[in-house]
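Chains as they are written, first to last, in UniProt numbering: chain Y, 1 to 107; chain G, 1 to 107; chain D, 1 to 107; chain Z, 1 to 107.
Structure, as structure tokens:
Protein chains: 4
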Amino acid sequence: MPAKAGDDRPVERLSPRQRDALLPGLEAWTLADDGAAIARRFVFGDFVAAFGFMTRAAIVAERMNHHPEWANVYNRVDVRLTTHDADGLSMRDIALARALDALAASA
Amino acid sequence: MPAKAGDDRPVERLSPRQRDALLPGLEAWTLADDGAAIARRFVFGDFVAAFGFMTRAAIVAERMNHHPEWANVYNRVDVRLTTHDADGLSMRDIALARALDALAASA
Amino acid sequence: MPAKAGDDRPVERLSPRQRDALLPGLEAWTLADDGAAIARRFVFGDFVAAFGFMTRAAIVAERMNHHPEWANVYNRVDVRLTTHDADGLSMRDIALARALDALAASA
Amino acid sequence: MPAKAGDDRPVERLSPRQRDALLPGLEAWTLADDGAAIARRFVFGDFVAAFGFMTRAAIVAERMNHHPEWANVYNRVDVRLTTHDADGLSMRDIALARALDALAASA
């Protein structure tokens, strides 16, 4: 995981062209109908594994200064990413989505 | 916090009379329209405080073997409690609600 | 992970014979010179992974009502298990050691 | 808690004069005999409270990119801060000590 803080990443809204170029790397994520958010469901073996993922994700999100909207029921974690300051998707969402995918892959 | 595990608490659905006798002690919680769940929003100073609460709540929930449905956005944690095996509210929800209230009061 | 709470496990001190029969299943752990504790160092990729392990371990330890003595420096977690009530090793330490091994294997 | 990442804080070793000017604000901390580290014991009501503190501290430490050496036994957390790159105390230790004091005060 890169130690670099995410504060410097631009929060400008991605253009549809930029967005569509980035999404192929995030195949487990679904683009919202309005194009303003991406969402993914993570499923783990049990609650302990799900919350271990959430803790690692919380640390990474705070370090990136970009936080998910997320819900948990037992072994499921539903994550939604958007950038309020951009009124849509920014590079911060892409970066956080990639980081969460990496965390889940090692859970 | 009592060390006793919650496994032994009955999971039978509370009768409306039982429920109404217990809810006055849970004034920050809202009863769902169908009476099958209670919900509360917890608000903290920042994400770090919110996630610290969630971690303590996760430990307590696992110990009680009864887990919340919950969502987090930055400093807010929305919790919904119900007992699937009872198809409604049971004493487990009441006990977990009380425990979460106690944790939030010391956050 | 079994949902069963650990409260019922006997806290009697294991005899040397019992202990020696159980340790072959815990090959990554070292027996203290006085035979009263076992210890293991867990090493992870970074601090985030180490703390994710610690969070899962904390939940499991509380559920078992048996807690580790542990230290963390960045990506390392040094765990020492003993049962104070038994003045030595009990089945609770064996059970917690097995649980921690399982958690680390899925980290 | 300031959102600013700690990466930019100088890691140069504090001079004895600088150090002695800063320590009065950290009265619960003890300076090591060799002057190269500070240490504090935090005591909480139970394991759940102690680990809630550790989780908040872990998030803050990662955000500051400066990590504690710490040990936990049930409701106690022993923290030692030093800056390896400075071979002694730097402003990063002072900043992290202040942050941990603030977290413990709200636990």
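Yeah, the Cβ is synthetic: ideal placement off N, Cα and C, and Gly gets one too.
This one's a predicted model, so the numbers in the text were calculated from it and none came from an experiment.
Query: Neighbouring residues, chain Y, relative to residue 59 of chain Z (Cβ below 7 Å); Result: 58, 59 and 62
Query: C-beta neighbour in chain D for residue 83 of chain G, strict 8 Å; Result: no
Query: Proximity of residue 32 of chain G and residue 39 of chain G at Cβ, strictly below 8 Å; Result: yes
Query: Limits of the beta strand (DSSP E) - the one that residue 78 of chain D falls within; Result: 76-81
Query: Candidates Z/69, Z/37, Z/64 and Z/98, of which the one nearest residue 88 of chain Z by Cα; Result: Z/37
Query: Segment limits, beta strand (DSSP E) that includes residue 73 of chain G; Result: 69-73
Query: Proximal residues to residue 80 of chain Y (C-beta, below 6 Å), its chain only, five neighbours per side dropped; Result: 37, 39 and 69
Query: Under 7 Å by beta carbon: chain Y residues contacting residue 48 of chain D; Result: 1, 56, 59 and 60
Query: Partner residues on chain Z for residue 51 of chain D, Cβ-Cβ distance less than 7 Å; Result: 58
Query: Minimum C-alpha distance to residue 16 of chain Y - residue among Y/90, Y/107, Y/57 and Y/73; Result: Y/90
Query: Residue 99 of chain Y, DSSP secondary structure in three states; Result: helix
Query: Distance CB(residue 62 of chain G)-CB(residue 48 of chain Y) smaller than 8 Å; Result: yes
Query: Element boundaries [alpha helix (DSSP H), containing residue 48 of chain D]; Result: 47-64
Query: Per-residue DSSP class, three states only, for residue 35 of chain Y; Result: coil
Query: Simplified DSSP assignment, three categories, for residue 40 of chain G; Result: strand
Query: Interfacial residues, the segment 27-39 of chain Y to chain G, with Cβ spacing under 9 Å; Result: none
Query: is_contact[residue 43 of chain G, chain Y] using C-beta, thresh 8 Å; Result: no
Query: Contacts that residue 90 of chain D makes with chain Y (C-beta to C-beta distance below 7 Å); Result: Within chain Y, no residue comes near residue 90 of chain D; the closest Cβ sits about 23 Å away, beyond 7 Å.
Query: Closer than 8 Å to chain Z by CB, residue 18 of chain G; Result: no
Query: Cβ-based neighbour list, residue 98 of chain D, same chain, cut-off 8 Å, excluding 5 preceding and 5 following; Result: 25 and 26
Query: Distance, residue 65 of chain D Cα to residue 14 of chain D Cα; Result: 18 Å
Query: Distance between residue 58 of chain Y and residue 86 of chain Y (C-alpha atoms, nearest Å); Result: 21 Å
Query: 8 Å Cβ cutoff, residue 66 of chain D in contact with chain Z; Result: no
Query: Cβ separation of residue 75 of chain Z and residue 102 of chain Z, assumed to be a contact under 8 Å, to the nearest whole Å; Result: That pair is no contact at about 20 Å.
Query: Residue 22 of chain D: first and last residue of the uninterrupted alpha helix (DSSP H) it sits in; Result: 16-22
Query: 7 Å CB neighbourhood of residue 56 of chain Z in its chain, flanking five on each side removed; Result: 103
Query: C-alpha gap between residue 54 of chain Y and residue 52 of chain Z, whole angstroms; Result: 14 Å
Query: Interface partners of residue 106 of chain Y on chain D, CB under 8 Å; Result: 45, 49 and 107
Query: Cβ neighbours of residue 23 of chain D in the same chain (closer than 8 Å, five flanking residues each side left out); Result: 29, 31 and 38
Query: Residues near residue 93 of chain Y in its chain [Cβ-Cβ closer than 8 Å; skip 5 each side]; Result: 37, 38, 66, 81, 82 and 83
Query: Proximity of residue 19 of chain Z and residue 45 of chain Z at Cβ, strictly below 8 Å; Result: no
Query: Below-8 Å beta-carbon distance, residue 71 of chain Z vs any chain D residue; Result: yes
Query: Residues near residue 41 of chain G by beta carbon distance below 7 Å, same chain, minus five either side; Result: 76 and 78
Query: Sheet register partners of residue 88 of chain G (DSSP bridge); Result: G/83
Query: Identity of the residue in Z/95, Z/60 and Z/43 nearest residue 10 of chain Z by Cα; Result: Z/95
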